[in-house]
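Asks:
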Amino acid sequence: MAEKKMINIRLLVDKEKNKVVFAESDKDFVEILFSFLTLPIGTVVRLANKETNLGCIDALYKSVEALDMQYLQTEACKKMLLGPRSEAEPKNKSLALNYLGSADLLDYYICPKWTCASGTHCLYSMFESATCLCGQKMNRRFVLGKNITDDNRLNGTYIVNGSGKFMISDDLEVTRLSTDTTFQILSRFGIKDGSALEEIKVSVGTVE
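One gets this note's numbering by counting positions in the sequence shown from 1 and adding 8 to each.
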């Protein structure tokens, strides 16, 4: 069984209130947090098991799930709504924690008709059964592998530049860790004595 990848972060907890004041991490964890902004809403709902609490979005997602295919133009339409994909997907799969699954393989679909698949302007779809211009279903699968991403894949990063530590507040405000930012957040919480804080080291994986 493959070993699960984990990222270590440090939490500073207000012992009296039993509340996390901030987390300290390197760029790997921050990179993952920032990558959430590239996710389509449908992917967010799917990854959250349809329990996002984002207004009525969960109900909308379930409505599409339950909708009979006769009310949609193609099967690909339903797949696109329930499992949308973004241009950032290949890079997100190269992060220190791949929360999207299937790390190296990216599926695409082309028309089974040779003249459509081999022409100068070959069309492809991210979703199986999309309709080709010739009218046939694009259900011939092909895979793009590791070579689709740049050299930063080796580092598992593509957003954050450089190294160093970051501070993440309980409301996901991210700043570079420094003496000034530390004092600012401690002041915000009304903490004047460092002895009121407890340090806890935790490991974060894809489930967390």
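The beta carbon of each residue, even a glycine, is placed where N, CA and C say it ideally should be.
If contacts are defined as beta-carbon pairs under 8 angstroms, then Ser137 and Thr82 qualify, I think. What distance do you get, rounded to the angstrom?
Replies: 6 angstroms
Asks: Among Glu206, Ser126, Thr214, which residue has its Cα nearest to the Cα of Glu24?
Replies: Glu206
Asks: For Ser33 and Ala56, I'd like the C-alpha separation in whole angstroms.
Replies: Roughly 23 angstroms between the two C-alpha positions.
Asks: May I ask you to report which of helix, strand or coil DSSP gives Glu181?
Replies: coil
Asks: To the nearest angstrom, report how far apart Pro48 and Thr190 are at their CA atoms.
Replies: 33 angstroms
Asks: Is the beta carbon of Lys87 sitting closer than 7 angstroms to the one on Phe135?
Replies: yes
Asks: Pick out whichever of Phe197, Gly170, Lys209, Arg196 has its Cα sitting closest to the Cα of Arg184.
Replies: Gly170
Asks: So for Phe1, helix, strand or coil by DSSP?
Replies: Residue numbering for the chain in the displayed model covers 9 to 216; residue 1 lies beyond these limits and cannot be assessed.
Asks: Pick out whichever of Val215, Ala104, Phe150 has its Cα sitting closest to the Cα of Val168.
Replies: Ala104
Asks: Across which residues does DSSP place Lys25 in a beta bridge pair?
Replies: In DSSP, Lys25 forms no bridge with anything.
Asks: For Leu89 and Glu216, I'd like the C-alpha separation in whole angstroms.
Replies: 25 angstroms
Asks: Taking only beta-carbon atoms, is Gly109 less than 7 angstroms away from chain D?
Replies: Protein chains in the displayed structure number just one, and chain D is not present.
Asks: Looking at the structure shown, is Lys207 part of a helix, part of a strand, or coil, going by DSSP?
Replies: According to the sequence as given, residue 207 is Glu; it is not Lys. In the structure shown, Glu207 sits in a strand (DSSP, three-state: E or B).
Asks: Tell me, please, which residues DSSP counts as bridged to Met146.
Replies: In the DSSP assignment, Met146 is bridged to Ala138.
Asks: According to DSSP, simplified to helix, strand and coil, what is Ile49?
Replies: helix
Asks: Which term fits Ser203, buried or exposed, when burial requires 16 or more other beta carbons within 10 angstroms of its beta carbon?
Replies: Per the 10 Å Cβ criterion, exposed.
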